[in-house]
Each structure stands twice: as C-alpha cells, then as structure tokens.
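J.: Everything in the sequence shown is counted per my numbering, starting at 189 for the first residue and increasing by one.
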Amino acid sequence: MRITRVTCYRQYQPFADGPYVLSGGRVDHGFDSLVVRLVVRDGSRVVEGWGEMSPLGVMYDPAFAEGARAAAPLLTTALLGSPVASVARTLDDTLKGHPYAKSAFDMAAWDAVGRLADLPLHELFGGADGEGTTLYRSIGRASPEVMAAIALDYRERGYRRLQVKVGGDPSADLAGLRAVVAAVPDAQLYCDANGGWSTGDARRFLAATTDLTYVLEQPCATLRECLLLRPHAARPMVLDESIVTMADLLQAADAGVDGITVKIARVGGVTATRLIRDTAVALGMQVTVEDTGGADIDTAAMAHLSISTPAAQRAHTVDFHHWVTVRNGTGLPSTDGGLLRPPTGPGLGIDVDPTVFDPPIIDEGE
Ligand SMILES: [Mg+2]
C-alpha cells in the first residue's frame, strides 16, 4: 500500500458571514486552504485519499498558508513511493516541527486507508457514539447590538451553542456578553478570549460575571498564565491554543483544566489528534475536535473524529463548510437540529471533484 501520486491544490474560501474578529485586532476574511490528494496502490487496487488544511490567518497559531505551500514539495517527495500506513512517521522524519504543514497529507492518508478498509473513519476511530456532534458558532467582537443580532441569527439557524469572542477590554467584553445573554437566554455559552487577556483582565471579567453561566476558554496567551488563573476561576475552563503537545495536555489536566480543544492542523493531522483526544478522554476531560479552517474535506474529518469521541465527554465542533462560500466536496449529511453527522461512506466518506480547484500547485507521480 504505497503512495504513487501526490497532488496539491490551493483553494481560497471566503467567509459567508463577513469578517472573523478575534481579540487583539485580529481580523480574517476567509480560509486559504491547502488540499492534498494522495493516490495509493494496493496490488491492483488504486484508491484516492483527500486531506485539507487552512490556518486561521497569520496571527492565530504559529502557522501560515504560504508556509504550508512552501513545505509541500519537500513532503511530496518524501511520501512518493512510501507506505501509506506510516505516513505520520515519514512526515516527521522529513521535516522537524511545522505540524500544520503536514496535516493535509496525514488526513489524506487516513482517507485512503479508510477506503482500502472499506470503512468510514469513525469506525476505525472507536465507532460512532450518538447521531451527531453539537455545532457551535462564534460571535466575533463587535458592538453589543451587533453581537446580539448575530446571536439571534445563529439561534434561528439552529445552532444550540454560541461562542462569544472576548479577550479585549473586560468592560467591553462584559457588555457584549450581556447583550448576547439578553438576546438568547437559553443558549449554552463559551467565552473565548483566544489568549487576549492578562491574568488581571481575566480576573476582572470573572468577578463581573459571577451571575452568568458560561465556560471560559483560553483566557490568557500562555499555558502558565492559564494555569495560574485556574484556581481563581470558579467555572469550567477549557484550553485551545495552549494544547499543542502531549506534555501540554498532561500539564493542563494536572492543574484541573476541565477540557481541551484539539485542532487537527495545530497538532499535525488526524494521527496526532486521535492520540491527544484518546488521552484526554482517558484523563476524564471534555474534548472538542475541530480545526483551524477548511471546507467539506476538513469538516468530514472533524465529523468522524468528533462522533467517535465518547458522547459523555464530547463538547462540540464546527461545520466549516457552512462558514465559507465555496465547497470542495459532496456527501456531508444534513446539519438539521444543529448536529454535525458523519458521512457513512468509506474513509472521509465524501466525494471530491478536482475540477472545482484551480490547476494544481504540485502534481508528482503517476
Ligand atoms: Mg477557541
């Protein structure tokens, strides 16, 4: 089962709902996605596997789209002729670090393996627990009136859970949060600072919101700051940007952090996501599996990894194919009821039509 051909595409995916605004003045307008196709031969049988990765701009994680494209020729050369089963090792033996640049290749290998096994990936990752994974939408930092209107719109579109972006001036953040609560009092809320607060800012926000129910997400930039804050936050805390390695996960668990968000690209692909997810589950933590960007291909991967996470410890995920104005695959089930359901076909379970892309940036092999 060796990789015989590697093709890479670039797809720009504008956001359907306007700019995405994070703390610190960070704004992004779309995903700049790297799509990878691997052709794998097993005797006379030939299958394709697809993978996708997009960073969220250049200031969210230490990752950028041009970096992924720059690494792609090196990784392509290493993978051609190599066994698909050991793709994660081959990638790590070829390039130290740069996990996001490897993610689409690793995802494509898993799609191919699932197709060869004739099983949907969630069957290989522990089996489906439940019908689907709760979807959330993010409300970017804006005026309280705008945030309330966006919250109502998402609620009407069936999203049961809302993530309110905070992490700026605590007073302004508080006004935005209270406007969202007033607009949709029954929504389950996460307040995500994306690491924008000092520990002092976070304490001010926490002190001013003791009457509200929400989960606090990534209050400060560093793991150390978040863990110093942990004993002073009398509410669930989940970490996202700070969870990059297994050591980060263990340190967070030991300090009483309640949950983690694993982003496929941040940790280097489906292989590493599964390992961190399973360890977090074994540690008794809440787990969200999602990613930093993409469309149908990436959403399918999130769907399989999420539904195979035990339901009692699964938080939520995102439907990126609905965030953007372009598509790159067909076959994702309906998200009615605010649930992301996994495709049932083998591998990622979606069909990708390469004609939707511009000519490939790499096409090597046969
Ligand atoms: Mg987050």
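Glycine included, each C-beta is placed from N, C-alpha and C at the ideal position.
1) Grouping DSSP H, G and I as helix and E and B as strand, with all else coil, what is Pro243?
2) Answer yes or no: do Ala339 and Leu350 have a C-beta to C-beta separation smaller than 8 Å?
3) Going by beta carbon distance, what residues of the same chain come within less than 6 Å of Gly355, once the five residues before and after it are set aside?
4) Helix, strand or coil for Gly388 per DSSP?
5) Alpha carbon to alpha carbon, how far is Leu520 from Thr487?
6) In this structure, how does DSSP classify Lys353 when only helix, strand and coil are distinguished?
7) Put Phe508 into one of helix, strand or coil per three-state DSSP.
8) Looking only at C-alpha atoms, which of Pro530, Gly231, Phe203 and Arg214 sits nearest to Ser494?
9) How would you write the range of the alpha helix (DSSP H) that Phe293 sits in, first residue to last?
10) Check for me: the beta strand (DSSP E) holding Gly218 runs from which residue to which?
11) Measure the Cβ-Cβ separation of Val194 and Ile549 and say whether it is below 8 Å.
12) Which residues does DSSP pair with Pro271 in a beta bridge?
13) If Gly482 and Met241 are in contact, beta carbons under 8 Å, what's the gap, nearest whole angstrom?
14) Taking only heavy atoms of ligand 1 into account, decide whether any of them is closer than 7 Å to the Cβ of Asp551.
15) To the nearest angstrom, how far is the alpha carbon of Val512 from that of Gln199?
16) Between Ala259 and His286, is the Cβ-Cβ spacing less than 8 Å?
17) Assuming Gln439 is part of the alpha helix (DSSP H), what are its boundary residues?
18) Since Val469 and Pro498 should fall inside the 8 Å C-beta cutoff, what is the C-beta to C-beta distance between them, to a whole number of angstroms?
19) Please state whether DSSP places Gln201 in a helix, a strand or coil.
20) If you follow the alpha helix (DSSP H) that Met490 is in, where does it begin and where does it stop?
21) Going along the chain, which residues of its own chain have a beta-carbon closer than 6 Å to the beta-carbon of Ala316, five neighbours each way excluded?
22) Taking DSSP as the reference, what is the three-state secondary structure of Thr461?
23) Taking its Cβ as the centre, do 16 or more other Cβ atoms sit within 10 Å of Ala395, making it buried, or is it exposed?
24) Flag Thr505 as yes when its Cβ comes closer than 7 Å to any non-hydrogen atom of ligand 1, and as no otherwise.
25) Have a look at Gly218, Gly456, Gly346 and Asp428 and flag the residue whose alpha-carbon is nearest the alpha-carbon of Cys379.
T.: According to the data block:
1) Coil.
2) A contact, by the Cβ cut-off of 8 Å.
3) Around Gly355: Ser211, Ala381, Asn382, Gly384 and Trp385.
4) Note: Gly388 maps to helix in three-state DSSP.
5) The alpha-carbon separation between Leu520 and Thr487 amounts to approximately 8 Å.
6) Lys353: strand per DSSP, three-state reduction.
7) In the structure shown, the three-state DSSP call for Phe508 is helix.
8) Residue nearest to Ser494 within the set Pro530, Gly231, Phe203 and Arg214 is Pro530 (criterion: CA-CA distance).
9) Under the DSSP assignment, Phe293 falls in the alpha helix (DSSP H) whose first and last residues are Pro287 to Ala305.
10) Per DSSP, the unbroken beta strand (DSSP E) holding Gly218 starts and ends at Gly218 to Asp230.
11) Contact: no.
12) Paired residue(s): Arg190.
13) Going by Cβ atoms, the distance from Gly482 to Met241 rounds to 7 Å, so yes, they are a contact pair.
14) For Asp551, the distance from the CB to the nearest heavy atom of ligand 1 is not below 7 Å.
15) Straight-line Cα distance between these residues: approximately 11 Å.
16) His286 sits close to Ala259, with the two beta carbons spaced by under 8 Å.
17) Segment Met434 to Asp442, the alpha helix (DSSP H) holding Gln439.
18) With a contact defined as Cβ atoms closer than 8 Å, Val469 and Pro498 qualify at about 6 Å.
19) The answer is strand: DSSP assigns Gln201 an E or B state.
20) Asp484 to Ile495 is the span of the alpha helix (DSSP H), which, as asked, contains Met490.
21) Setting aside the 5 residues that flank it on each side, Ala316 is surrounded in the same chain by His310 and Ile495, each with a C-beta closer than 6 Å to its C-beta; the list follows chain order.
22) Reduced to three states, the DSSP call for Thr461 is helix.
23) Within 10 angstroms of the beta-carbon of Ala395 lie fewer than 16 other beta-carbons, which makes it exposed.
24) Checking the Cβ of Thr505 against ligand 1 gives no.
25) Among Gly218, Gly456, Gly346 and Asp428, the Cα nearest to that of Cys379 is on Asp428.
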